[in-house]
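Colleague: Take 0 as the starting number for the sequence shown in numbering that gives the first Met the number 0 and just add one per residue. Idealized CB from N, CA, C, for every residue including glycine. Provided herewith is a single structure, encoded as structure tokens, for subsequent inquiry.
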Amino acid sequence: MDRNLRIRMLLEAGDRVTGPLRAIAGGSTKAAQALKLTRDGLRAIERAQGDIAGFRKLKTGLFDTGTALGTARTRMAGLRQEIAATDKPTAALTRALAKAEREVTTLGATERKQSQSLQEMSLRLHTAGIDTNDLARHQRRLRTEAVQTNRTIVEQTAEVGRLADRERRMAAGRARFARTQGMATGLAAGGAAAIGTGVAMAAPLIGSIKAAQDFQSVMTDIGQKADLSRAASDQLGRNLLASARAANQMPADLQAGVDALAGLGAKVPDAVAMMKPIGRAATAYKAEIADLSAAAFAATDNLKVPVAQTGKIIDVMASAGKAGAFEIKDMAQYFPALTAAYQGLGQTGVGAVADLAAGLQIARKGAGDAASAGSNLANILQKITSPATNKAFEKMGVDLPAALKKAYAEGKTPLEAIAELTNKTLKGDLSKLGYLFEDAQVQQGLRPLIQNMEEFRKIRAEAGKAGGTTDSDFADRMKDSAEQSKQLKVNATTLAITLGSQLLPTINAIVTRANAFATWIGDVANRYPNATKAVAIGAAAFAGLFFVLGGGAIVIAGLVAPFSALAFAAGALGIGMLPVIGIALAVVAGIVAIGAAAYLIYANWGAIGGWFAWLWQGIKGTFAGAVDWFASLPTRFVQIGRDMISGLIRGIVGMFGSLKNTIVGVASSAAGWFKAKLGIHSPSRVFAGFGGNIVDGLTNGIAAQEGEPVERMDRLSSRLTSAIVTGSAIPALAKGGAAGAASAPAGAASTAPRSYTIYINQQPGQDAQALARAVADELDRRDRETAARRRSSFADTPDYETV
């Protein structure tokens, strides 16, 4: 039978055995979800019941507050009338009025708050589908639904328990099957997993050690050039690693910069100290470290700028580079030659750096590219003191050396002095520039310098004052995604070198001992060749034996899992174990056969020794290939990561256009749809129509409900009359007659038309102003009552009228 067919049959058998388990697990999950939904429904019913009870309580409280407010207002009006009728009201009467006014204010605020809460509760009930005018029916419906839901919960809880119990029983068998299958898998994969784990754990350590060794080797080269001790070289290496992180540059690139500076003649400690500002400038302006290193060394060596001011030099160059088209990375290429020429003219210090940087920027105005501008400025510096230039000026009546000396004494620099003297000698006619300088490159460089002298001085001054320019631009550059990705790489590399450096002493000690042991083995092999041969043959025999037994273990592992599946099926389906026992006996027989084969190999080792020697060579070649493959894994994973990120970036960038077009299309379509559906020609017309509809709706609503208060008062009057006739209301009326009398006008006012008749009797001695105040108070009272009626129109029918 084909091997693939056997495997497929075993898999199908396992799927059929585990199928019921999956069905049980799925049913249990669905039952638990249904139970959760039912419980959520019961909680919703309970919340609705609570809301109904709260609504009733709020309505009752609002009615009580309204009654109390009417009584308080009547009392306050009576006190005001009493005070108005008295020329000198007593302090007690005044306090009583103030207390009555406070009570009216407090009850009014309480009434507004209760009314707002009632409206909110009414809206929530309406959202839940509950009509506040028929609360009793909804309460009965909710009670019925709660009973039915509780019954469903009981049934679903029982179903969940039944399914859970069944799942526990089946899970026990599944656990036994999983343990057996896991043992088989462990036999097959244990060796490969151990090798893979070892390779995975060793790969970063090996990479760190290799990186540390390479870094240490370069630092040794640098230290040898400067005749430094091992400790000094190691310390400079640690400083360089710190600079690499601070500048976001790879340590190898900074080492190359140090090596270049040392080759130019810089002291190695100075070169290491210069690397941080040089590296940060290279990151900020995408310049080459080698070019910036040469420019910085030229400034320190030719112009005598201290090494500690390397950052200042770069800031000056960066500031001047921003003033035009001649950037700092261009300046870095031409500074070595220009600084040497400027030193010949007696110029030194940071000011000379600013002078040259500004001169290059101005020279760029008269040149097609940076290279031409640099050559033009270099030719100017060469021709300032040349004999031909002196003779040309002498023909024009100017003693150039004396004039230059005077200009230098006045504080002018060579570039500034030659430009002014040339312009003055030619009286501003630059068409005669060839009379003084026949060299075309000098003319191309000197002409823009003469014409833009003020700009030259401005650029020089601003560059000379520059400070922190590079750091600011570096911080801005570090916000780029590319630099942040590079920062991760730089940090990983520096960390690897640091960790590897800490491991190097241990590695060196191990290698030293291994070398000593290998030397000892070689000596023993030379002294005792026969014993060495016997040991080698024994090792080969053990290797062959493990090879055979290892293959047998893999075969056994491949058989254990199917056997365990068959055993589980036999237990689950009621099949006898005899077939399984027979298969197990066959496996034992196979193992015995393997053991016999191993014994025969041992007994006939001499005859097959040559074959195993050939086999051993093949195994060594295969193992070497596997080691090479595992060693290449880090590089392969790095490339895979790069490809993934590059593909992601290209996909995002490629879809930006489609995203923009889609958003614009949706916005345009939405705008057109709104205009078409709403008939918008101008916003004022559309919203004017909305405002008219709102006012019409308000008017219709008031008109439709204007008879409602009268009907409610009629129903209340009928019930009260009935209660009085039967005698059930007499005790209440006897006890609270005053309160009822006080509240009656308020209730009556709700049914009265909107025209009022006010009766005010003028008291003896009461003047016209007091009478006017009494009228105003009465009108205020009427207005407050009207407002209260309007607020109460938002409430629903009280329970005592509907239930």
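#1: For the alpha helix (DSSP H) containing Gln332, list its first residue and its last residue.
#2: Do you know offhand how far Met274's Cα is from Gly537's?
#3: For Gln443, does the count of other Cβ atoms within 10 angstroms reach 16, so buried, or fall short, so exposed?
#4: Under the assumption that Ala246 contacts Thr299 (Cβ atoms under 8 Å), give the Cβ distance between them as a whole number of angstroms.
#5: Does DSSP put Asp252 in a helix, in a strand, or in coil?
#6: Hey, Ala391 and Leu435 are a contact pair by Cβ (cut 8 Å); roughly how many whole angstroms apart?
#7: Nearest-angstrom Cα distance between Arg38 and Gly160?
#8: Compare the C-alpha of Gln118 against each of Gly373, Asp50, Gln212, Gln80 and name the closest.
#9: Start and end of the alpha helix (DSSP H) containing Ala356?
#10: Decide if Val724 is buried, meaning its Cβ has at least 16 other Cβ atoms within 10 Å, or exposed.
#11: Taking C-alpha atoms, which residue in Ile458, Lys58, Arg168 lies nearest to Gly323?
#12: Would Met330 and Leu359 qualify as a contact pair, given that the criterion is a beta-carbon distance under 8 Å?
#13: So for Tyr407, helix, strand or coil by DSSP?
#14: Would you mind stating whether Ile417 and Ile361 have Cβ atoms separated by less than 8 Å?
#15: Going along the chain, which residues of its own chain have a beta-carbon closer than 7 Å to the beta-carbon of Ala408, five neighbours each way excluded?
#16: Report all residues from its chain with a CB closer than 6 Å to the CB of Gly746; omit the five preceding and five following residues, and keep chain order.
#17: With contact counted as at least three CB pairs below 8 Å, one residue from each stretch, are the region 86-96 and the region 121-134 in contact?
#18: Where do the ends of the alpha helix (DSSP H) carrying Asp472 lie?
#19: Alpha carbon to alpha carbon, how far is Ala858 from Glu454?
#20: Helix, strand or coil for Ala225, going by three-state DSSP, please let me know.
#21: Over what stretch of residues does the alpha helix (DSSP H) that includes Ala297 continue unbroken?
#22: What whole-angstrom Cβ distance do Pro335 and Ala293 have, given they're in contact under 8 Å?
#23: Looking at Leu34 and the ligand GTP, is the gap between the Cβ and the nearest heavy atom below 7 Å?
#24: Using a Cβ-Cβ cut-off of 6 Å (strictly less than) and excluding sequence neighbours within five positions of Thr785, which residues of its own chain qualify?
#25: Is Val315 closer than 8 Å to Ala353 when the C-beta atoms are compared?
#26: Quick test of your reading: Leu235 and Ser242, contact by CB under 8 Å. State the CB separation rounded to the nearest angstrom.
#27: Hey, how far is the Cα of Ala31 from the Cα of Ala157?
#28: For Lys485, which residues of its own chain have a beta-carbon under 7 Å away from its beta-carbon, when the five flanking residues on both sides are left out?
#29: Put Pro528 into one of helix, strand or coil per three-state DSSP.
#30: Whose C-alpha, out of Gly60, Ala43, Thr492, is nearest the C-alpha of Arg244?
#31: Exposed or buried, which one is Thr70 when buried takes at least 16 other CB atoms within 10 Å?
#32: Check each candidate in Ala513, Val103, Ala495 and name the one with the smallest Cα separation from Phe214.
#33: Classify Ala508: buried if its beta carbon has 16 or more other beta carbons within 10 angstroms, exposed otherwise.
Modeller: In short, the structure shows the following:
#1: Numbered from 1 along the sequence shown, position 333 holds the residue referred to as residue 332. Where Gln332 is concerned, the enclosing alpha helix (DSSP H) stretches over 327-343.
#2: For this step, residue 274 is matched to residue 275 along the sequence shown. For this step, residue 537 is matched to residue 538 along the sequence shown. Cα to Cα, Met274 sits roughly 59 Å from Gly537.
#3: For this step, residue 443 is matched to residue 444 along the sequence shown. So Gln443 ends up on the buried side.
#4: Numbered from its first residue, the sequence shown carries residue 246 at position 247. Numbered from its first residue, the sequence shown carries residue 299 at position 300. Contact doesn't hold; Cβ gap of about 19 Å is too wide.
#5: The residue you call residue 252 lines up with position 253 of the sequence shown. Three-state DSSP puts Asp252 in a helix.
#6: Along the sequence shown, one-based indexing puts residue 391 at 392. Along the sequence shown, one-based indexing puts residue 435 at 436. Correct: roughly 5 Å between the Cβ atoms.
#7: If you number the sequence shown from 1, residue 38 lands on position 39. If you number the sequence shown from 1, residue 160 lands on position 161. C-alpha separation (whole angstroms): 16 Å.
#8: In the sequence shown, counting from the first residue as 1, residue 118 sits at position 119. Of Gly373, Asp50, Gln212, Gln80, the residue nearest in Cα terms is Asp50.
#9: Position 357 of the sequence shown, counted from the start, is the residue given in the question as residue 356. Its alpha helix (DSSP H) spans residues 348-362.
#10: Position 725 of the sequence shown, counting from 1, holds the residue named residue 724. Note that Val724 has pLDDT 40, beneath the 50 cutoff, so the model's placement of it is unreliable and the number below is only indicative. By the 10 Å Cβ count, Val724 comes out exposed.
#11: Your numbering for residue 323 matches position 324 in the sequence shown. It is Ile458.
#12: As a first step, residue 330 must be located in the sequence shown, where it is residue number 331. As a first step, residue 359 must be located in the sequence shown, where it is residue number 360. For Met330 and Leu359, yes; Cβs fall inside 8 Å.
#13: Here the question's residue 407 lines up with position 408 in the sequence shown. Three-state result, Tyr407: helix.
#14: For the purposes of this step, residue 417 is taken as the residue at position 418 of the sequence shown. For the purposes of this step, residue 361 is taken as the residue at position 362 of the sequence shown. Result no, Cβ atoms of Ile417 and Ile361 do not sit closer than 8 Å.
#15: Taking the sequence shown and counting its residues from 1, the one referred to as residue 408 is at position 409. So the list is empty, once near-sequence residues are dropped.
#16: Here residue 746 corresponds to residue number 747 of the sequence shown, with the count starting at 1. Residue placement at Gly746 cannot be trusted, given a pLDDT of 40 that sits under 50; what the coordinates show is reported in the next sentence. Once the five neighbours on either side are set aside, Gly746 has no close Cβ partner at all.
#17: no
#18: Counted from its first residue, the sequence shown places residue 472 at position 473. Per DSSP, Asp472 belongs to the alpha helix (DSSP H) from 468-476.
#19: Because the chain is modelled from 0 through 802, residue 858 falls outside the range shown and cannot be assessed.
#20: Here residue 225 is taken as the residue at index 226 of the sequence shown, counted from 1. Correct three-state label for Ala225: helix.
#21: Position 298 of the sequence shown holds residue 297. 288-300 is the extent of the alpha helix (DSSP H) around Ala297.
#22: In the sequence shown, the residue the question calls residue 335 occupies position 336. In the sequence shown, the residue the question calls residue 293 occupies position 294. Confirmed, about 5 Å.
#23: As for the ligand GTP, it is missing from this structure, which has no ligand bound.
#24: Looking up residue 785 in the sequence shown gives position 786. No residues qualify anywhere along the chain.
#25: If you number the sequence shown from 1, residue 353 lands on position 354. If you number the sequence shown from 1, residue 315 lands on position 316. Going by C-beta atoms, Ala353 is nearer than 8 Å to Val315.
#26: Position 236 of the sequence shown holds residue 235. Position 243 of the sequence shown holds residue 242. Their Cβ separation, rounded to whole angstroms, is 10 Å, which puts Leu235 and Ser242 out of contact at 8 Å.
#27: Residue mapping note: residue 31 aligns to position 32 of the sequence shown, counting from 1. Residue mapping note: residue 157 aligns to position 158 of the sequence shown, counting from 1. Those two C-alpha atoms are separated by around 11 Å.
#28: Residue numbering aside, residue 485 sits at position 486 when the sequence shown is read from its first letter. Cβ neighbours of Lys485 beyond the five flanking positions: Asn247.
#29: Here residue 528 refers to the residue found at position 529 when the sequence shown is read from its first residue. In this structure, Pro528 counts as helix in the three-state DSSP scheme.
#30: Position 245 of the sequence shown, counting from 1, holds the residue named residue 244. Looking at the Cα atoms, Thr492 is the closest of the given residues.
#31: The residue labelled residue 70 in the question sits at position 71 within the sequence shown. Classification of Thr70: buried, given that the 10 Å Cβ count is 16 or more.
#32: Your numbering for residue 214 matches position 215 in the sequence shown. Of Ala513, Val103, Ala495, the residue nearest in Cα terms is Ala495.
#33: Looking up residue 508 in the sequence shown gives position 509. Burial call: exposed.
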